[in-house]
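As structure tokens, the structure follows; a few thoughts come after it.
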Amino acid sequence: MKTRLISSAVGIVIGVVIVIFSDINFVLPTAVSAIVIIMLNELFTANKCNYSKSITAVCYIYSIFTAFSESPYFDMLVSYRPAVTALAIFIIFFSYINGHKEIKFEHIFFMISATALVTYSMCCLIRLGSDRNFGKFYIVLSLCAAWLADSGAYFAGTFLGKHKLCPEISPKKTVEGFIGGLLANGILLVIISMVYHKIKFPEHTELAYMDFEYLKIFILGVVCAVLGTLGDLSASIIKRQCKIKDYGNIMPGHGGLLDRFDSVLFVVPFMSIFINMFGIIKITG
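So that you can map any letter, position 139 of the sequence shown is 185 in my numbering, and since no number is skipped, the others follow by simple counting.
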């Protein structure tokens, strides 16, 4: 437990530093690139498909390029994305043809799919963080939406849990814990938003006209809790099929980064889509 708490504390400190300095042009894409590469390495290692150094390198480089091209500070890279994508595909299949005796086609498509999923999901965090007024708030809210539900589900399941949710995949998850996680996530996101609103936009100031739509935020929290659970269960299935306990040991007591970010991969894209389509903050005056 001590090791787990220390790892959590270190992770939180690193996360806070990244959020604080996220408006510096290279900080957020660099952080996202590092996280994506580590998670891809964990996935490739779990599935034993990282033996082709050239294909692995292409996946990493493409992820880095995509992360920086998503940043408004490097938006000039967007116009090169089709060419870079075509080049990456060419190198991957050239390497496949050259090493066809050792490289399995299912590994090729797993690596391509994993790269696309992990990179796209984490780049949504860059899109959220690019908002000039609320970027840092959106980053924090997204990560909280992915992680707080798990804590709420843990406590609800501990005291009320009787019925197993998915015993073959995750024996400790219960239906009662799942419902508790939904409600806790919605309520906690509303509380976080209220606190941020009071601190950032105090009354009787020129910024007081910004109104947070708390019903939308509550709904957002509930849906994100469902998606986070889906991400957690999906990652658990992969671990079971790959016959591993954790994806890595970069976070002692927790496992790999993917063990912590499995829910983030499902939550952040939805957060980005929801906020862009419906918004959670409006101007009232």
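Note that CB positions come from ideal geometry on N, CA and C, so glycine has one too.
As far as DSSP is concerned, K289 takes part in no beta bridge. Each residue's CA atom was taken as its position, placing I265 and G232 some 6 Å apart. Closest in alpha carbon position to V124, among F114, A132, L133, is F114. Counting of Cβ neighbours within 10 angstroms places F67 among the exposed residues, the total staying below 16. Given a length threshold of 3 residues, each whole run of the beta strand (DSSP E) inside the segment 188–219 is given here in chain order: 210–212.
Taking each of I185, S167, Y166, M168 in turn and checking the Cα distance to G175, the smallest one comes out for I185. Straight across, the Cα-Cα distance linking C95 with A134 is about 17 Å. Remark: fewer than three beta-carbon pairs, one from each stretch, lie closer than 8 Å, so the segment 185–197 and the segment 84–101 are not flagged as touching. As computed with DSSP, M297 is found in a beta bridge with G301.
If you look at M168, you'll find it isn't in any beta strand (DSSP E); it sits in the alpha helix (DSSP H) that goes 151–175.
Bounds of any beta strand (DSSP E) do not take in F111; it lies within the alpha helix (DSSP H) bounded by 99–116.
Annotated as distal: I327 and M240, with beta-carbon spacing of 8 Å or more. When secondary structure is reduced to three states using DSSP, D69 falls in the coil class, being assigned neither helix nor strand. Beta-bridge partners of D257 (DSSP): K328. In this structure, the straight-line span from the alpha carbon of L235 to that of R173 is close to 20 Å. For K94, the secondary structure class from DSSP, reduced to helix, strand or coil, is coil. In this structure, DSSP gives E148 a state outside helix and strand, which the three-state scheme calls coil. Distance from the CA of R50 to the CA of P298, rounded to the nearest whole angstrom, comes to 6 Å.
By the Cβ-count criterion, R306 is buried, with 16 or more other Cβ atoms from all chains shown falling within 10 Å of its own Cβ. The three-state secondary structure of R306, taken from DSSP, is helix.
For V82, same chain residues with a beta-carbon under 6 Å away, outside a window of 5 residues either side, are S109, V164, T165, M168 in chain order. Sorting Y293, Y126, K147, F201 by C-alpha distance to the C-alpha of S98 places K147 at the top.
With respect to G274, A160 sits apart: the two C-beta atoms are not nearer than 8 Å.
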